[in-house]
Amino acid sequence: MGWQLTEDVGEFRTAADPCLAREPARSTLLLTISESFRVNGAATPVRFGYWRESDDAPVTAGFVQTPPLRPLLGPMPDRAARELVPVLRALDPSLDSVQGENACAEAFAAEWTGRRGGWRVSHQVRLFRLGELTPPDPAPAGRARIAAADDLPLLAGWMSAFAADTGQPDEDYRRATAERIVASRLWLWDVAGAPVSMASVSPVVAGQARVAPVYTPPRLRGRGYGGAVTAAVSRATRDAGAEQVLLFTDLANRTSNALYQRLGYRPLTDSQALTFEG
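The sequence shown: position 219 = 219 (UniProt numbering), numbered continuously.
Right under this line is the structure:
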(Lines of atoms letter the chains of each structure in order from A; the text may use other names.)
(Lines give C-alpha, C1' and ligand atoms only; values in the text may rest on other atoms or scores of the structure.)
Protein backbone atom coordinates (compact mmCIF):
# COMPACT_ATOMS: atom_id res chain seq x y z
CA MET A 1 0.00 0.00 0.00
CA GLY A 2 2.82 2.43 0.82
CA TRP A 3 2.21 6.02 1.90
CA GLN A 4 -1.21 7.63 2.26
CA LEU A 5 -1.30 11.42 2.68
CA THR A 6 -4.09 13.49 4.19
CA GLU A 7 -4.80 16.94 5.60
CA ASP A 8 -7.43 15.45 7.91
CA VAL A 9 -5.95 15.03 11.39
CA GLY A 10 -8.85 12.76 12.36
CA GLU A 11 -8.07 10.38 9.49
CA PHE A 12 -4.40 10.40 10.42
CA ARG A 13 -5.01 9.66 14.08
CA THR A 14 -7.53 6.92 13.34
CA ALA A 15 -5.08 5.19 11.02
CA ALA A 16 -1.85 5.87 12.90
CA ASP A 17 -2.86 5.75 16.58
CA PRO A 18 -2.17 2.00 17.02
CA CYS A 19 1.32 2.57 15.60
CA LEU A 20 1.99 5.69 17.66
CA ALA A 21 0.69 4.08 20.85
CA ARG A 22 3.12 1.15 20.55
CA GLU A 23 6.04 3.48 21.37
CA PRO A 24 4.44 6.71 22.54
CA ALA A 25 7.68 8.17 23.88
CA ARG A 26 9.47 7.94 20.52
CA SER A 27 6.28 9.19 18.83
CA THR A 28 5.85 12.12 21.21
CA LEU A 29 6.14 14.85 18.57
CA LEU A 30 3.62 13.28 16.21
CA LEU A 31 1.22 12.65 19.08
CA THR A 32 1.40 16.10 20.63
CA ILE A 33 1.47 18.06 17.36
CA SER A 34 -1.49 16.18 15.91
CA GLU A 35 -3.38 16.50 19.21
CA SER A 36 -2.83 20.26 19.18
CA PHE A 37 -4.22 20.48 15.65
CA ARG A 38 -7.12 18.19 16.56
CA VAL A 39 -8.11 20.36 19.53
CA ASN A 40 -7.22 23.86 18.31
CA GLY A 41 -7.25 23.56 14.54
CA ALA A 42 -4.47 24.68 12.21
CA ALA A 43 -3.89 28.18 10.87
CA THR A 44 -2.43 26.75 7.64
CA PRO A 45 -2.83 23.39 5.86
CA VAL A 46 -1.00 20.52 7.53
CA ARG A 47 0.19 17.42 5.71
CA PHE A 48 0.00 14.07 7.51
CA GLY A 49 1.10 10.69 6.22
CA TYR A 50 0.94 7.06 7.31
CA TRP A 51 2.58 3.99 5.80
CA ARG A 52 1.76 0.30 5.49
CA GLU A 53 4.13 -2.26 4.05
CA SER A 54 1.18 -3.90 2.24
CA ASP A 55 -2.59 -3.53 1.99
CA ASP A 56 -3.29 -5.96 4.83
CA ALA A 57 -0.38 -4.86 7.05
CA PRO A 58 -0.72 -2.52 10.05
CA VAL A 59 0.47 1.08 9.93
CA THR A 60 4.12 1.18 11.00
CA ALA A 61 5.19 4.76 10.14
CA GLY A 62 3.91 8.31 10.12
CA PHE A 63 5.01 11.88 9.51
CA VAL A 64 3.68 15.43 9.76
CA GLN A 65 4.60 18.56 7.81
CA THR A 66 3.41 22.13 7.88
CA PRO A 67 4.70 23.49 4.56
CA PRO A 68 7.05 25.21 3.95
CA LEU A 69 8.65 23.70 7.08
CA ARG A 70 10.54 20.42 6.75
CA PRO A 71 8.77 17.07 7.29
CA LEU A 72 8.97 15.57 10.76
CA LEU A 73 9.39 11.81 10.58
CA GLY A 74 8.13 9.52 13.31
CA PRO A 75 10.00 6.29 14.08
CA MET A 76 9.96 4.28 10.88
CA PRO A 77 11.79 1.58 8.91
CA ASP A 78 14.42 2.84 6.49
CA ARG A 79 12.29 1.48 3.63
CA ALA A 80 9.39 3.73 4.63
CA ALA A 81 11.71 6.75 4.77
CA ARG A 82 13.06 6.01 1.30
CA GLU A 83 9.58 5.46 -0.15
CA LEU A 84 8.43 8.82 1.23
CA VAL A 85 10.96 10.67 -0.93
CA PRO A 86 9.19 10.37 -4.33
CA VAL A 87 5.86 11.17 -2.68
CA LEU A 88 7.10 14.45 -1.23
CA ARG A 89 9.31 15.28 -4.23
CA ALA A 90 6.20 15.26 -6.42
CA LEU A 91 4.58 17.80 -4.09
CA ASP A 92 7.62 19.98 -3.35
CA PRO A 93 10.81 19.40 -5.36
CA SER A 94 12.46 22.34 -3.56
CA LEU A 95 12.35 20.61 -0.16
CA ASP A 96 15.75 21.13 1.45
CA SER A 97 15.68 19.39 4.86
CA VAL A 98 14.15 16.67 7.02
CA GLN A 99 13.93 15.87 10.72
CA GLY A 100 13.66 12.54 12.51
CA GLU A 101 15.49 9.87 14.47
CA ASN A 102 19.03 9.50 13.19
CA ALA A 103 18.65 6.39 11.02
CA CYS A 104 15.41 7.25 9.25
CA ALA A 105 16.43 10.88 8.69
CA GLU A 106 19.65 9.72 7.06
CA ALA A 107 17.82 7.13 4.93
CA PHE A 108 15.47 9.87 3.68
CA ALA A 109 18.33 12.32 3.03
CA ALA A 110 20.39 9.74 1.16
CA GLU A 111 17.45 8.88 -1.07
CA TRP A 112 16.62 12.54 -1.68
CA THR A 113 20.18 13.57 -2.57
CA GLY A 114 21.10 10.35 -4.33
CA ARG A 115 24.16 9.72 -2.21
CA ARG A 116 25.22 8.89 1.30
CA GLY A 117 26.42 11.95 3.15
CA GLY A 118 24.73 14.39 0.77
CA TRP A 119 23.61 16.51 3.67
CA ARG A 120 24.84 18.46 6.66
CA VAL A 121 23.61 18.17 10.23
CA SER A 122 21.87 21.40 11.21
CA HIS A 123 20.59 20.35 14.63
CA GLN A 124 20.85 17.35 16.97
CA VAL A 125 18.63 16.61 19.96
CA ARG A 126 18.31 13.86 22.54
CA LEU A 127 15.01 12.60 23.92
CA PHE A 128 15.01 11.96 27.68
CA ARG A 129 12.46 10.09 29.79
CA LEU A 130 11.95 10.73 33.49
CA GLY A 131 12.96 7.95 35.85
CA GLU A 132 13.08 8.72 39.58
CA LEU A 133 12.55 12.45 40.01
CA THR A 134 15.30 14.11 42.02
CA PRO A 135 14.48 17.80 42.63
CA PRO A 136 17.36 20.22 43.28
CA ASP A 137 18.60 20.06 46.87
CA PRO A 138 18.90 22.67 48.14
CA ALA A 139 16.21 24.31 46.05
CA PRO A 140 16.76 27.92 44.98
CA ALA A 141 14.84 30.70 46.65
CA GLY A 142 11.24 30.98 45.56
CA ARG A 143 8.38 28.63 44.79
CA ALA A 144 6.60 27.02 41.85
CA ARG A 145 3.16 28.18 40.77
CA ILE A 146 0.83 27.76 37.81
CA ALA A 147 0.86 30.74 35.45
CA ALA A 148 -2.15 33.05 35.54
CA ALA A 149 -3.80 35.35 32.99
CA ASP A 150 -1.91 38.37 34.34
CA ASP A 151 1.36 36.66 33.35
CA LEU A 152 0.44 36.49 29.65
CA PRO A 153 2.33 39.56 28.32
CA LEU A 154 5.57 38.55 30.04
CA LEU A 155 5.35 34.87 29.12
CA ALA A 156 4.44 35.49 25.47
CA GLY A 157 7.65 37.52 25.32
CA TRP A 158 9.58 34.68 26.91
CA MET A 159 8.10 32.24 24.37
CA SER A 160 9.30 34.51 21.57
CA ALA A 161 12.76 34.76 23.16
CA PHE A 162 12.94 30.97 23.49
CA ALA A 163 12.03 30.60 19.81
CA ALA A 164 14.76 33.05 18.86
CA ASP A 165 17.30 31.20 21.00
CA THR A 166 16.45 27.86 19.35
CA GLY A 167 16.21 29.05 15.75
CA GLN A 168 12.44 28.74 15.38
CA PRO A 169 10.33 31.02 13.18
CA ASP A 170 9.35 34.37 14.66
CA GLU A 171 5.61 34.69 15.27
CA ASP A 172 3.04 36.04 17.71
CA TYR A 173 3.03 33.64 20.66
CA ARG A 174 0.19 35.26 22.61
CA ARG A 175 -2.48 32.81 21.47
CA ALA A 176 -0.39 29.70 22.10
CA THR A 177 0.74 31.04 25.47
CA ALA A 178 -2.82 31.90 26.48
CA GLU A 179 -3.96 28.37 25.58
CA ARG A 180 -1.26 26.89 27.82
CA ILE A 181 -2.25 29.19 30.69
CA VAL A 182 -5.97 28.37 30.40
CA ALA A 183 -5.13 24.65 30.38
CA SER A 184 -2.85 25.01 33.47
CA ARG A 185 0.08 23.66 31.45
CA LEU A 186 2.48 26.54 32.07
CA TRP A 187 4.38 26.76 35.35
CA LEU A 188 6.60 29.46 36.81
CA TRP A 189 9.33 29.71 39.38
CA ASP A 190 8.48 32.82 41.38
CA VAL A 191 10.82 34.77 43.66
CA ALA A 192 9.24 37.42 45.90
CA GLY A 193 6.27 37.74 43.54
CA ALA A 194 8.35 37.99 40.35
CA PRO A 195 8.54 35.18 37.75
CA VAL A 196 12.14 34.18 37.04
CA SER A 197 11.75 31.01 34.95
CA MET A 198 9.04 29.03 33.16
CA ALA A 199 8.37 25.48 32.02
CA SER A 200 5.43 24.20 30.03
CA VAL A 201 4.16 20.71 29.27
CA SER A 202 2.10 19.16 26.50
CA PRO A 203 -1.26 17.45 27.15
CA VAL A 204 -1.10 13.79 28.15
CA VAL A 205 -1.68 11.72 24.98
CA ALA A 206 -1.27 7.94 24.88
CA GLY A 207 0.14 8.09 28.40
CA GLN A 208 3.00 10.47 27.53
CA ALA A 209 3.56 14.20 27.96
CA ARG A 210 6.56 16.32 27.01
CA VAL A 211 8.07 19.20 28.97
CA ALA A 212 8.73 22.13 26.59
CA PRO A 213 9.75 24.83 26.53
CA VAL A 214 11.90 25.56 29.57
CA TYR A 215 13.15 29.15 29.61
CA THR A 216 15.02 31.44 31.97
CA PRO A 217 15.99 34.99 30.88
CA PRO A 218 19.76 35.29 30.37
CA ARG A 219 20.29 37.67 33.29
CA LEU A 220 18.70 35.14 35.69
CA ARG A 221 20.48 31.99 34.55
CA GLY A 222 22.90 30.00 36.66
CA ARG A 223 20.82 30.25 39.84
CA GLY A 224 18.95 26.92 39.63
CA TYR A 225 15.57 28.37 38.61
CA GLY A 226 15.26 26.32 35.42
CA GLY A 227 15.94 23.05 37.22
CA ALA A 228 13.51 23.90 40.00
CA VAL A 229 10.61 24.76 37.70
CA THR A 230 11.33 21.71 35.52
CA ALA A 231 11.19 19.47 38.58
CA ALA A 232 7.91 21.08 39.66
CA VAL A 233 6.18 20.66 36.30
CA SER A 234 7.56 17.12 35.95
CA ARG A 235 6.09 16.12 39.32
CA ALA A 236 2.75 17.76 38.53
CA THR A 237 2.57 16.00 35.17
CA ARG A 238 3.28 12.60 36.66
CA ASP A 239 0.76 13.26 39.45
CA ALA A 240 -1.80 14.12 36.76
CA GLY A 241 -1.49 10.62 35.33
CA ALA A 242 1.28 10.71 32.73
CA GLU A 243 2.99 7.32 32.55
CA GLN A 244 5.97 8.83 30.71
CA VAL A 245 7.29 12.36 31.17
CA LEU A 246 9.67 13.37 28.40
CA LEU A 247 11.81 16.25 27.20
CA PHE A 248 14.26 17.05 24.42
CA THR A 249 17.65 18.68 24.87
CA ASP A 250 20.03 20.21 22.38
CA LEU A 251 23.01 17.85 22.22
CA ALA A 252 25.32 20.84 21.88
CA ASN A 253 24.17 22.23 25.25
CA ARG A 254 26.15 20.28 27.84
CA THR A 255 24.69 22.31 30.69
CA SER A 256 21.07 21.38 30.02
CA ASN A 257 21.95 17.74 29.29
CA ALA A 258 23.68 17.44 32.65
CA LEU A 259 20.93 19.34 34.48
CA TYR A 260 18.10 17.11 33.31
CA GLN A 261 20.03 13.97 34.11
CA ARG A 262 20.56 15.25 37.66
CA LEU A 263 16.77 15.65 37.90
CA GLY A 264 16.28 11.99 36.96
CA TYR A 265 15.83 12.11 33.19
CA ARG A 266 17.47 9.30 31.24
CA PRO A 267 18.46 9.22 27.52
CA LEU A 268 16.07 7.41 25.19
CA THR A 269 16.90 8.21 21.55
CA ASP A 270 18.64 10.80 19.35
CA SER A 271 17.18 12.78 16.46
CA GLN A 272 18.58 15.24 13.97
CA ALA A 273 17.62 17.82 11.37
CA LEU A 274 19.48 17.35 8.09
CA THR A 275 19.86 19.98 5.36
CA PHE A 276 20.45 18.64 1.86
CA GLU A 277 23.50 19.67 -0.16
CA GLY A 278 24.16 19.67 -3.88
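Glycine residues also receive a C-beta, built at the ideal position from the N, C-alpha and C atoms.
Query	Result
Anticipated Cβ contact below 8 Å, Leu251 with Ser97, distance rounded	Not a contact, Cβ separation roughly 17 Å.
Element boundaries [beta strand (DSSP E), containing Arg120]	Trp119 to Leu130
Candidates Leu31, Phe12 and Met1, of which the one nearest Leu246 by Cα	Leu31
Proximity of Trp3 and Glu83 at Cβ, strictly below 8 Å	yes
Coil, strand or helix - Met159 by DSSP	helix
Between the CA atoms of Ala42 and Ala15 - distance to the nearest angstrom	20 Å
DSSP state of Leu268 mapped onto helix, strand, coil	strand
Arg26 vs Thr230 beta-carbon contact at 8 Å	no
Arg52 (DSSP reduced to helix, strand or coil)	strand
Every unbroken beta strand (DSSP E) inside the UniProt domain "N-acetyltransferase" (142-278) [3 residues or more]	143-146, 186-191, 194-201, 208-215, 244-250 and 265-276
Asn102 beta carbon less than 8 Å from that of Gln208	no
Beta-carbon proximity check, Thr177 vs Met159, cutoff 8 Å	yes
Reference Thr221; option with closest CA among Pro195, Ser94, Val233 and Gly241	At residue 221 the sequence reads Arg, which differs from the Thr that was named. The option with the nearest alpha carbon to Arg221 is Pro195.
Alpha-carbon to alpha-carbon, Leu152 and Glu111	45 Å
Alpha carbon of Val214 to alpha carbon of Pro24, nearest angstrom	21 Å
At least 3 beta-carbon pairs within less than 8 Å: the region 118-135 vs the region 231-239	yes
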